[in-house]
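**Student:**
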Amino acid sequence: MVKFRPDRSLQLPVAPVSSHGGLWLIAAAVATVILWQVPLGNYLLYPFTILATWFHEMGHGLTAILLGGYFRELVIFPNGSGFAHYGGEVLLGRLGHGLVAIGGPLGPAIAGSVLILSSRSPRATSLCLQALGIIIMVSTLLWVRSLFGILVMPLMGLGVLLIAYRGSHWLKDFSIQFLGVQACISTFQQVGYLFTYRISSGYLSDTGLLQKYLFLPYWLWGAAIAVVTVALLAWSLKTAYSSPPSLPQ
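Taken in order, the sequence shown gives residues 859 to 1107; the numbers are from this note's numbering.
1) Please confirm whether G1038 and G962 have their CB atoms less than 8 Å apart.
2) Where does E915 sit, in a helix, a strand or coil, going by DSSP?
3) Note down, in chain order, each residue of its chain lying with its Cβ closer than 7 Å to the Cβ of G899, except the 5 sequence neighbours on either side.
4) Who pairs with L932 in a beta bridge, going by DSSP?
5) Which residues share a DSSP beta bridge with R1056?
6) Roughly how many angstroms separate the alpha carbons of P1012 and T998, rounded to a whole number?
7) Given A1098, which residues of its chain have a CB within under 8 Å of its CB, disregarding the five upstream and five downstream residues?
8) Among the candidates V1085, C1042, G1080, A1082, whose CA atom is the shortest distance from the CA of L886?
9) Which two residues bound the contiguous alpha helix (DSSP H) that contains V958?
10) Would you call the segment 894 to 913 and the segment 946 to 955 in contact, with 3 or more CB pairs under 8 Å?
11) Residues in the same chain with beta-carbon distance under 7 Å from G919, minus the five sequence neighbours each way, listed in chain order, please.
12) Please identify the residue among V958, L903, M916, G940 whose C-alpha is closest to the C-alpha of G926.
13) In three-state DSSP terms, what is L1020?
14) Assuming contact is defined by CB atoms lying nearer than 8 Å, are P966 and H914 in contact in what I supplied?
15) Which word fits W1079, buried or exposed, when buried means at least 16 other C-beta atoms lie within 10 angstroms of its C-beta?
16) Along the chain, where does the alpha helix (DSSP H) containing Q895 start, and where does it finish?
17) Check the C-beta distance from I1021 over to S1033 and give it rounded, since I have them as a contact under 8 Å.
18) Whole angstroms are fine: how far does the CA of S939 sit from the CA of G1050?
19) Could you tell me the alpha carbon to alpha carbon distance between V888 and F1053, rounded to whole angstroms?
20) What did DSSP end up calling S1100 once you bin it into helix, strand or coil?
21) Measure the alpha-carbon distance for L1009 versus L1019 and round it to whole angstroms.
22) Any idea what DSSP makes of F1036, helix, strand or coil?
23) For Q1069, which three-state DSSP category applies?
24) Taking Cβ positions, are F1006 and I1083 nearer each other than 8 Å?
Next up, the structure:
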């Protein structure tokens, strides 16, 4: 209930949420990560596998843009794998290239935390769902360069927009939190990847690039990314499901 006093500043109401929803989200996150590590798990969770790849590669590309480079292309394959190409001179030299490398595994966790936190306000929930749907659609036009991605990503974007404009309050709340959790845990689509220096194609992994540009060993970067990701997820869920702040007296 909102109390209004004309001589006081009015704080926007924060929608209360049930702690049981948080437990279900945590259980879903754990189950998703486990299934990703077992044979056929990527296929059982196919839509979320594709979404995880999109989050990861967008993290690389958008970080490059923020540092003055440009995002060349985002490729998503039917098997759930993908890559991002960026070019141009990024700011901060080696540090800049290191930030682009860490943007893939860590950027989505930051964005996911923002999505989860937005669930505390009905207006913020709707705006974030709209923004996410639009970003998915625009990213397809600007950067996605594989036929599979061009066909699939607009459907996902359209689905998010339908929820944003037509979904019930409950569906919007659940969707923004679920998508936020999926963004955070996209880092763990392949846990072993965080602790791999060079991938099978011969290219350096993200943590391998971090070792190259920022010197610390790749496995230490992998551990740090995992810890920060879990911490961001836990903090955002705890904040979203904490008691709403009291209004000014």
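Cβ atoms here follow ideal geometry from the backbone N, Cα and C, with glycine treated the same way.
No experiment lies behind these values; they were computed from the predicted model shown.
**Tutor:** A quick look at the data gives this:
1) no
2) helix
3) L893
4) A942, V1002
5) L1062
6) 7 Å
7) V875, G880, I974, L975, S977, R978, Q1035
8) First, the amino acid is wrong: residue 886 is Ala here, not Leu. Checked all of V1085, C1042, G1080, A1082; the closest Cα to A886 is C1042.
9) 952 to 976
10) no
11) F929, L932, A942, Y944, W1001
12) V958
13) helix
14) yes
15) buried
16) No alpha helix (DSSP H) holds Q895; DSSP gives it neither H nor E.
17) 5 Å
18) 14 Å
19) 19 Å
20) coil
21) 17 Å
22) helix
23) helix
24) no
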